[in-house]
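Contents: one structure, followed by commentary.
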Amino acid sequence: MRVAIVGTGGIAGIHAAAVPALGEGARIVAAVDVDAGRLDAFAAEWDVPERYTSVEDLLERSECDVVHLCSPPGLHRDQAVAVLERGWSVLCEKPPALSLREFDEIAAAEARSAGSFGTVSQHRFGARAVALRAALARGDFGPLHLALCNTLWFRPDSYFAVPWRGTWESEGGGPTMGHGIHQMDLMLSLAGPWESVRATAGRKARPTLTEDFSTAVVSLASGATLVIVNSLLSARETSYLRLDLAGGTVELEHLYGYGDDSWRFTPAPGDTDAGSRWNALPPGVPSGHSAQFAAVAEALRSGAPMPVTTAQARPTLELIAAVYASAFTGREVARGELTEDSPFYTSLGGHRAPWLATEGTP
Numbered sequence: 001m002r003v004a005i006v007g008t009g010g011i012a013g014i015h016a017a018a019v020p021a022l023g024e025g026a027r028i029v030a031a032v033d034v035d036a037g038r039l040d041a042f043a044a045e046w047d048v049p050e051r052y053t054s055v056e057d058l059l060e061r062s063e064c065d066v067v068h069l070c071s072p073p074g075l076h077r078d079q080a081v082a083v084l085e086r087g088w089s090v091l092c093e094k095p096p097a098l099s100l101r102e103f104d105e106i107a108a109a110e111a112r113s114a115g116s117f118g119t120v121s122q123h124r125f126g127a128r129a130v131a132l133r134a135a136l137a138r139g140d141f142g143p144l145h146l147a148l149c150n151t152l153w154f155r156p157d158s159y160f161a162v163p164w165r166g167t168w169e170s171e172g173g174g175p176t177m178g179h180g181i182h183q184m185d186l187m188l189s190l191a192g193p194w195e196s197v198r199a200t201a202g203r204k205a206r207p208t209l210t211e212d213f214s215t216a217v218v219s220l221a222s223g224a225t226l227v228i229v230n231s232l233l234s235a236r237e238t239s240y241l242r243l244d245l246a247g248g249t250v251e252l253e254h255l256y257g258y259g260d261d262s263w264r265f266t267p268a269p270g271d272t273d274a275g276s277r278w279n280a281l282p283p284g285v286p287s288g289h290s291a292q293f294a295a296v297a298e299a300l301r302s303g304a305p306m307p308v309t310t311a312q313a314r315p316t317l318e319l320i321a322a323v324y325a326s327a328f329t330g331r332e333v334a335r336g337e338l339t340e341d342s343p344f345y346t347s348l349g350g351h352r353a354p355w356l357a358t359e360g361t362p
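1 is the number of the first residue of the sequence shown in the UniProt record's numbering; add one for each residue after it.
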């Protein structure tokens with residue numbers, strides 16, 4: 001399996017290290033970066049034979065099976081469409097696109113391509129999450145009543161010195177889009193589809209054009225309620241998911257990745273069998289790129305679409321767009337409401353966050 005990596009910044013090293021999970025014979029044949037020095041250093045570290053400073057050169061001069069997009073988010077749509085039109089598959093870092101419009105353009109290109117498009121959502125693939133998802137689908141712990149999904153991280157002002165960070169045009173949004181997306185995606189994969197959301201978002205402290213925190217109350221299709229908080233202002237950092245089910249409470253607390261020990265289960269009083277059902281869930285691999293890459297390899301070799309598919313990834317991006325739409329319009333937003341005539345379909349910020357209008361920022 002021939003792999004090309006586009007963008008050789010920090011996340012590219014995690015991809016390179018996980019390539020062996022694609023199976024025997026998987027190898028990185030090419031790397032792409034506009035920064036020649038960074039490209040050379042990456043290629044030397046990972047023994048990459050082909051080096052290109054543009055995706056166009058890669059498409060003209062190389063032969064690949066799958067291209068990993070580790071580039072800044074603002075480049076994902078154009079690069080993904082170009083690779084798919086070449087007939088190759090794409091595995092794209094989060095966020096897969098900066099808007100629903102861009103994502104739908106990628107999905108349309110995939111429909112015309114011999115390749116497929118997958119989004120990196122590595123938290124779906126830890127062994128305990130896989131087993132719990134199946135258990136919840138079977139109803140092993142009864143119906144879900146209430147869920148919490150918090151991404152409480154800290155980023156100093158210096159974090160936003162990178163030119164593409166902190167702007168709607170190049171990053172798509174703040175922690176709701178760029179950080180909370182992983183926990184929100186995992187939660188939706190466990191708790192099921194969402195129906196509507198009422199949200200707030202604001203900029204309290206960071207030198208950004210985007211928000212630095214958001215809150216949301218989400219109505220799920222099951223009738224349960226999901227409460228979400230995303231922040232870059234939290235000194236004690238944590239990623240925390242909680243599901244209060246009829247049979248007990250499931251909790252997951254970690255930061256950037258979890259293992260079996262990151263989970264906790266508290267059986268509901270009177271449910272003498274819930275603990276046994278929880279203990280029966282098999283342990284296994286932690287969350288991470290290698291866990292998802294193993295699933296990617298299986299899909300590519302069988303001719304199936306790569307996980308996480310466009311159909312699986314879009315509801316998460318749509319919820320993020322709806323959080324911004326609700327926060328900036330002050331009303332509840334329903335799933336399916338953000339169609340092509342909505343400003344929040346073409347830009348997650350709806351073209352203008354309220355604090356930018358107050359400041360007169362273009």
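Where is the CB? At the ideal position from N, CA and C, for every residue including glycine.
Limits of the beta strand (DSSP E) - the one that residue i falls within
i      : result
Ser231 : 225 to 231
Ala30  : 27 to 32
Ala4   : 2 to 6
Glu251 : 248 to 254
Trp153 : 144 to 154
Buried or exposed (CB count within 10 angstroms, at least 16 for buried), residue i
i      : result
Tyr52  : buried
Tyr258 : buried
Gly248 : buried
Ser302 : exposed
Ser54  : exposed
His351 : exposed
Gly180 : buried
Gly139 : exposed
Arg124 : buried
Pro73  : buried
Asp157 : exposed
Thr266 : exposed
Asn279 : exposed
Pro207 : exposed
Arg86  : buried
Asp212 : buried
Gly284 : exposed
Ser326 : buried
Ala97  : buried
Ala137 : exposed
Gly7   : buried
Ala353 : buried
Glu45  : exposed
Thr316 : buried
Arg128 : buried
Glu56  : exposed
Gly270 : exposed
Thr176 : buried
Unbroken alpha helix (DSSP H) run spanning residue i, endpoints
i      : result
Ala325 : 310 to 329
Glu340 : Premise fails: Glu340 is in no alpha helix (DSSP H) and is neither H nor E.
His15  : 10 to 18
Phe42  : 36 to 46
Glu169 : 168 to 171
Beta-carbon proximity check, residue i vs residue j, cutoff 8 Å
i      : j      : result
Ala311 : Phe344 : no
Glu323 : Ala199 : Note that residue 323 corresponds to Val in the displayed sequence, not to Glu. Yes, these two residues count as a Cβ contact at 8 Å.
Cys64  : Ala109 : no
Ala224 : Leu146 : yes
Arg335 : Glu195 : yes
Met306 : Leu91  : yes
Gly185 : Ser121 : It should be pointed out that residue 185 corresponds to Asp in this sequence rather than to Gly. Against a cut-off of 8 Å, the Cβ pair of Ser121 and Asp185 comes out as a contact.
Glu93  : Cys70  : yes
Trp164 : Gly349 : no
Arg61  : Ile106 : no
Gly166 : Thr215 : no
Ile14  : His289 : yes
Val197 : Leu319 : yes
Ala246 : Phe141 : yes
Val151 : Ser239 : It should be noted that the sequence gives Thr, not Val, for residue 151. Yes, the Cβ-Cβ distance between Thr151 and Ser239 is below 8 Å.
Nearest-angstrom beta carbon gap, residue j and residue i [assumed within contact, 8 Å]
i      : j      : result
Trp153 : Glu253 : Going by Cβ atoms, the distance from Trp153 to Glu253 rounds to 13 Å, so no, they are not a contact pair.
Gly23  : Ala297 : 5 Å
Leu243 : Leu144 : 6 Å
Val48  : Ala26  : With a Cβ gap of about 13 Å, Val48 and Ala26 do not count as contacting.
Ile28  : Val34  : The Cβ separation is near 18 Å, so there is no contact.
Met187 : Leu226 : 7 Å
- prompt: At what residue ranges does the segment 175 to 217 contain a whole run of the beta strand (DSSP E), taking only runs of 3 or more?
  reply: 194 to 202
- request: May I have a chain-ordered list of the alpha helix (DSSP H) segments no shorter than 4 residues that lie completely inside the segment 266 to 300?
  value: 274 to 279
- prompt: At what residue ranges does the segment 49 to 76 contain a whole run of the beta strand (DSSP E), taking only runs of 3 or more?
  reply: 50 to 52, 66 to 69
- request: Could you name each continuous beta strand (DSSP E) segment of 3 residues or more that falls completely within the segment 67 to 141, going from the start of the chain to the end?
  value: 89 to 92, 117 to 119
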